[in-house]
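Undergrad: What follows is a single structure, and I will ask about it in a moment.
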Amino acid sequence: MEKTLNNRAWWLVAPVFFVVAFSAVVPLMTVVNYSVQDTFGNNQFFWNGLGWFGELLDPSTDLGGRFFAALWRNLLFSAIILAIEVPLGILVALSMPRDGWKVAATLVLMALPLLIPWNVVGTIWQVFARTDIGLLGWVASALGLDYNYTGNALHAWITIVVMDVWHWTSLVALLCYAGLKSIPDAYYQAARIDGASRWAIFTTIQLPKMKRVLLIAVLLRFMDSFMIYTEPFVLTGGGPGNATTFLSIDLVKLALGQFDLGKAAAMSLVYNLIVLAVCWVFYTVMTHAGSGRAETEIAQ
Amino acid sequence: MASITLDGLAHAYRPDPQGPKDYALKEINHVWQQGGAYALLGPSGCGKTTLLNIISGLVIPTRGRILFDGRDVTRLPTEARNIAQVFQFPVVYDTMTVRQNLAFPLKNRGVPAERIRARVEEIADRLGLSASLDRKASNLTADAKQKISLGRGLVRPDVAAILFDEPLTVIDPHLKWQLRSMLKEIHRALDLTMIYVTHDQTEALTFADKVVVMHDGAVVQTGTPEELFERPAHTFVGHFIGSPGMNVLPATVEGSTARIGDTTLALAHAYPHLPAGARIELGIRPEFATLAAPGDGVPAKLNRIDDIGRARIARAEIAGRPFAAMVPGEVRLDGSEAGIRFDPRQIHIYADSHLVTGEAIR
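Same order as they appear, the protein sequences are chains X and D. Quick note on numbering: the UniProt record's numbering labels position 52 of the first sequence as 52, and the sequence is numbered without any gaps. Quick note on numbering: the UniProt record's numbering labels position 47 of the second sequence as 47, and the sequence is numbered without any gaps.
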């Protein structure tokens with residue numbers, strides 16, 4: 001079929017173009033603008049070229065050291081919560097009821113943590129973990145544990161990880177549950193007839209059928225934990241010291257605490273590129289995962 | 001090797017069945033002989049899949065027992081029965097190759113690797129899957145997948161019966177014939193009991209030596225395709241089997257004469273012992289009723305004539321009830337007035353929908 005060439009068709013793209021321009025590209029350009037300049041306030045800017053980027057990507061400098069420290073810290077955090085939330089979510093989904101009123105009850109209970117605003121979650125856990133009035137902190141102290149999340153980096157990490165697991169495991173579980181529900185009964189019946197063990201049913205039927213939703217769950221949880229800000233900010237404020245200062249927290253400290261707009265702009269651009277790159281990898285994996293085309297002929 | 005006996009089997013999905021209405025499956029006594037090819041035929045919702053799942057052990061019946069060669073297996077789990085089942089939608093393990101799929105039931109039962117290998121290759125050969133053994137099962141077509149599901153049953157040397165739950169539903173029409181004749185071949189080659197559930201009478205009648213017709217949770221007739229056609233034991237069987245189905249007309253029967261409306265018909269048998277108060281009906285297949293000129297046979301009103309290729313079928317009305325009859329080549333009619341001739345030997349009398357056997361006329 002021959003395509004009709006008509007330049008007036010560009011007008012049809014115009015609305016999308018303007019919306020995207022004003023919602024994303026133009027604001028981003030101000031960041032790009034800042035990233036190549038330095039300022040001492042008073043709205044006076046000086047050209048700095050790619051200087052900030054050079055500094056940022058060189059771990060031996062102050063800025064670079066700080067950026068890479070926050071980056072590794074953040075990647076470690078994401079890895080830990082993925083390693084906990086994904087298997088736990090699968091386990092929860094597998095043990096959720098299949099039918100009856102219990103389904104609705106479970107779904108509502110599971111959705112509750114997801115409905116709480118981030119800063120409220122932070123506040124809840126901040127109070128919960130306090131050794132004087134918080135249930136968790138008080139019980140830990142009463143049991144003779146030297147628990148102090150404001151002073152001990154490891155305790156702060158444990159508290160933040162547990163908080164994130166509490167907040168987000170439901171999401172993974174709900175996604176997995178949706179994946180499990182889409183498996184027809186015949187698969188389980190066939191597996192029983194084939195004498196498959198519980199473990200074999202999991203690895204040969206349930207896990208393959210959950211693969212796509214699991215990828216989505218991992219993507220969502222990775223992105224969200226990689227960009228986490230509010231909860232640790234409210235709970236620990238990034239401390240003790242810099243122990244729980246993740247990328248977003250560091251960025252805010254840099255931009256609004258120190259008012260280093262140029263450095264912060266460069267950092268946010270690099271941050272953004274990392275997020276985009278990871279997104280692209282996931283997207284590619286996901287679209288390839290389900291694209292095994294049916295081959296029509298079978299050898300007779 | 002097993003014959004399967006259903007002894008007083010009944011099943012209700014509700015935990016506290018009250019009346020017969022609550023039973024998805026009403027009491028059934030039946031013996032499936034070793035090596036038979038059976039079809040369970042009935043419309044959707046008649047309980048045939050329930051019955052199949054009870055035999056395979058996926059459902060535990062509310063009442064009654066199932067015996068395999070006299071051994072009670074009613075409460076035995078599926079994996080402990082010598083049964084394989086092929087489902088409506090092909091079940092294959094997506095992540096595995098065809099070979100791994102076929103080996104799966106044997107692997108789960110701890111069969112040594114070299115025995116698995118030999119057995120899988122033998123069965124793949126029989127199913128025509130040899131060339132695709134090392135391909136991913138998820139990439140195959142529906143009919144190949146269905147062969148794999150069947151193959152997973154066949155590889156088990158202990159399997160005595162294979163149950164099919166409408167296995168050709170998602171198969172392309174031109175491949176249905178092929179698969180069905182392959183099933184027949186396998187049935188002849190291996191001494192297996194096969195039970196085939198379907199709502200398609202052609203599938204049932206071509207596949208099975210014996211057809212069990214189910215209606216509303218109960219077995220209404222068991223017989224060879226010929227018996228079902230020639231002597232339907234229930235008006236439902238008459239309707240359901242044959243195309244068009246059997247004609248059923250309300251009638252009054254006295255001795256060896258039947259009255260339909262104002263017309264009296266002589267019957268080939270006498271019915272002196274019809275139950276009093278029962279609803280009496282007369283049934284005759286369209287194949288044994290012929291359209292004739294008005295005044296010949298039972299008066300009828302002709303609506304139209306359908307040409308179905310191998311024959312012409314008259315769609316008529318007798319006493320206000322629809323009636324189908326064959327149109328012989330020579331008949332000439334003007335207008336809608338017509339008569340229909342009945343072959344008296346092919347007339348069946350039903351009391352409350354059940355066939356009544358006539359006695360010889362003295």
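We put the CB at the ideal spot given by N, CA and C, even for glycine. The model shown is predicted, which means the values in this text are computed figures rather than measured ones.
1. When you compare each of R315/D, A12/D, A2/D, A360/D to Q216/D by their alpha carbons, which one comes out closest?
2. My assumption, with CB atoms under 8 Å, is that C176/X sits in contact with L214/X. Please give the rounded CB distance.
3. Tell me, please, which residues DSSP counts as bridged to P299/D.
4. Is T78/D helix, strand or coil by DSSP?
5. Determine the burial state of C46/D: buried for a count of at least 16 other Cβ atoms within 10 Å of its Cβ, exposed for fewer.
6. Listing by chain order, which chain X residues have their CB less than 9 Å from the CB of T78/D?
7. Closer than 8 Å, Cβ to Cβ, to anything on chain X: give me those residues from the region 82-102 of chain D, in chain order.
8. Cα-Cα, which of N82/D, P77/D, Y23/D is closest to A2/D?
9. Between N108/D and chain X, is the shortest Cβ-Cβ distance under 8 Å, so that the two count as touching?
10. Check whether the Cβ atoms of E166/D and T198/D sit closer than 8 Å, and answer yes or no.
11. Can you tell me which of T131/X, L247/X, A104/X puts its alpha carbon nearest to the alpha carbon of A142/X?
12. Any idea what DSSP makes of Y196/D, helix, strand or coil?
13. Alpha carbons only, please: which of I80/X, W280/X, A111/X, K102/X is nearest the one belonging to I160/X?
14. Give the interface partners of A266/X over in chain D, defined as CB-CB distance under 8 Å, in chain order.
15. Would you call the region 126-139 of chain D and the region 166-181 of chain D in contact, with 3 or more CB pairs under 8 Å?
16. Report yes if the C-beta distance between D7/D and L67/D is below 8 Å; otherwise report no.
17. Return the residue from the list N42/X, L57/X, D38/X, D58/X that minimises the CA-CA distance to G49/X.
18. Step through the CB atoms of chain X and report whether any lies within less than 8 Å of the CB of R310/D.
19. If I'm right that A292/D touches A338/D with Cβ under 8 Å, what's the distance once you round it to whole angstroms?
20. Could you please give the first and the last residue of the uninterrupted alpha helix (DSSP H) stretch that includes E226/D?
21. Does the pairing of the region 300-307 of chain D with the region 274-287 of chain D give three or more beta-carbon distances under 8 Å?
22. Mapping DSSP to helix, strand and coil, what is D16/D?
23. Give me, in chain order, the residues of the same chain whose beta-carbon lies closer than 8 Å to that of D209/D; leave out the 5 immediate sequence neighbours on both sides.
24. Between the Cα of M223/X and the Cα atoms of A24/X, W280/X, A21/X, V108/X, which residue gives the shortest distance?
25. Does DSSP put Y188/X in a helix, a strand or coil?
26. For I205/X, count neighbouring C-beta atoms within 10 Å of its own C-beta (all shown protein chains included) and say buried if the count is 16 or more, exposed if not.
27. Taking the Cβ atom as the reference point for each residue, do R259/D and A251/D lie within a distance shorter than 8 Å?
28. Specify whether the region 149-165 of chain D and the region 83-94 of chain D touch according to this definition: at least 3 beta carbon pairs, one from each stretch, less than 8 Å apart.
29. Using DSSP with H/G/I as helix, E/B as strand and the rest coil, what is E297/X?
30. Against chain X, does S181/D count as a neighbour if the rule is that its beta carbon must be under 8 Å from one of theirs?
31. What is the DSSP secondary structure of S291/X, counted as helix, strand or coil?
32. Using a Cβ-Cβ distance under 8 Å, would A117/D count as near chain X?
33. Could you check whether H234/D and S44/D sit closer than 8 Å to each other, using their CB atoms as the reference points?
34. In angstroms, rounded to a whole number, what distance separates the CA positions of Q300/X and V270/X?
TA: Concretely, from the data shown:
1. The amino acid occupying residue 216/D in the given sequence is Asp; Gln does not appear at that position. Of the candidates R315/D, A12/D, A2/D, A360/D, A12/D places its Cα closest to the Cα of D216/D.
2. Contact flag correct, Cβ pair sits at about 7 Å.
3. In the DSSP assignment, P299/D forms a beta bridge with G339/D.
4. Looking at T78/D - three-state DSSP - the assignment turns out to be helix.
5. Buried, because 16 or more other Cβ atoms sit within 10 Å of the Cβ of C46/D.
6. From the beta-carbon of T78/D, the residues of chain X found nearer than 9 Å are Q189, R192, I193, G195.
7. Of all residues in the region 82-102 of chain D, I83, A84, Q85, F87, Q88, F89, V91, Y93, D94, T95, M96 have a Cβ within less than 8 Å of some Cβ in chain X.
8. For A2/D, the nearest C-alpha among the options comes from N82/D.
9. Interface residue, yes.
10. A contact, by the Cβ cut-off of 8 Å.
11. Nearest in C-alpha terms to A142/X, of all of T131/X, L247/X, A104/X, is T131/X.
12. Y196/D: strand per DSSP, three-state reduction.
13. Nearest of I80/X, W280/X, A111/X, K102/X to I160/X, Cα basis: I80/X.
14. Correct list: empty, because the minimum Cβ distance to chain D is about 45 Å.
15. No, because fewer than three Cβ pairs between the region 126-139 of chain D and the region 166-181 of chain D fall closer than 8 Å, the two stretches do not touch.
16. Contact flag set, yes.
17. Its Cα nearest to that of G49/X, the residue D38/X stands out among N42/X, L57/X, D38/X, D58/X.
18. Interface annotation, R310/D: not in contact with chain X, CB-CB separation never under 8 Å.
19. In this structure A292/D touches A338/D by the C-beta definition: roughly 7 Å separates them, less than 8 Å.
20. Its alpha helix (DSSP H) spans residues 225-230.
21. Counting C-beta pairs with one atom in each stretch, the region 300-307 of chain D and the region 274-287 of chain D have fewer than three that are closer than 8 Å, which means they do not touch.
22. Judged by DSSP in its simplified three-state form, D16/D adopts coil rather than helix or strand.
23. Close CB contacts of D209/D within its chain, under the 8 Å cut and outside five residues either way in sequence, are with G36, A37, Y38, T224 (chain order).
24. Nearest C-alpha to M223/X among A24/X, W280/X, A21/X, V108/X: W280/X.
25. In the structure shown, Y188/X adopts helical secondary structure according to DSSP, grouped into three states.
26. With 16 or more other Cβ atoms within 10 Å, it is buried.
27. Yes, these two residues count as a Cβ contact at 8 Å.
28. The answer is yes - the region 83-94 of chain D touches the region 149-165 of chain D, with three or more Cβ pairs under 8 Å.
29. Residue placement at E297/X cannot be trusted, given a pLDDT of 33 that sits under 50; the coordinates are not used to answer.
30. Judged by the 8 Å Cβ criterion, S181/D is not in contact with chain X.
31. Only weak support is given to the placement of S291/X: the predicted model assigns it a pLDDT of 49, under 50, and the question is left unresolved by the model.
32. It should be pointed out that residue 117/D corresponds to Arg in this sequence rather than to Ala. It does not; no Cβ of chain X falls within 8 Å.
33. For the pair S44/D and H234/D, the CB atoms are not nearer than the 8 Å cut-off.
34. Low local confidence applies: a pLDDT of 30 at Q300/X is under 50, so the model's placement there is unreliable, with the coordinate-based value given in what follows. Their Cα atoms are separated by approximately 56 Å.
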